[in-house]
């Protein structure tokens, strides 16, 4: 199975994985952008759209965890001795 570079198109909670080199990508991007989708900042190499979406989900979970840790760290207050 060969890998391809995937980009992600996002609208609300809907995330679509699209292989960048696919012949229909240009037309599809134009259509989806007109419908309010945005191109996400993450691109991954994967063997299928399912694998690409799994990578996206892992990255989103890692980011949420990092954000939670960052929020917890900024919420800490120094306690006087």
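In the UniProt record's numbering, the protein residues as written are 1 to 81. Cβ atoms here follow ideal geometry from the backbone N, Cα and C, with glycine treated the same way. Computed from a predicted structure; not experimentally measured.
Problem - residue 7 versus residue 52 - alpha carbon distance - result: When the Cα atoms are used, residue 7 and residue 52 turn out to be separated by approximately 9 Å.
Practice task
Can you say whether residue 65 is buried or exposed, counting buried as having 16 or more other CB atoms within 10 angstroms of its CB?
Solution key: Exposed: under 16 other Cβ atoms inside 10 Å.
Practice task
Out of 71, 20, 68 and 14, state which residue places its alpha-carbon closest to the alpha-carbon of residue 45.
Solution key: Of the listed residues, the one whose Cα sits closest to residue 45 is 20.
Exercise for the section: Spell out the partners DSSP gives residue 56 in its beta bridges. Expected result: Beta-bridge pairing links residue 56 to no other residue.
Exercise for the section: Could you have a look at residue 8 and say whether DSSP puts it in helix, strand or coil? Expected result: DSSP places residue 8 in the strand class (E or B) of the three-state scheme.
Exercise for the section: Give the range of the alpha helix (DSSP H) segment to which residue 33 is assigned. Expected result: Its alpha helix (DSSP H) spans residues 25–34.
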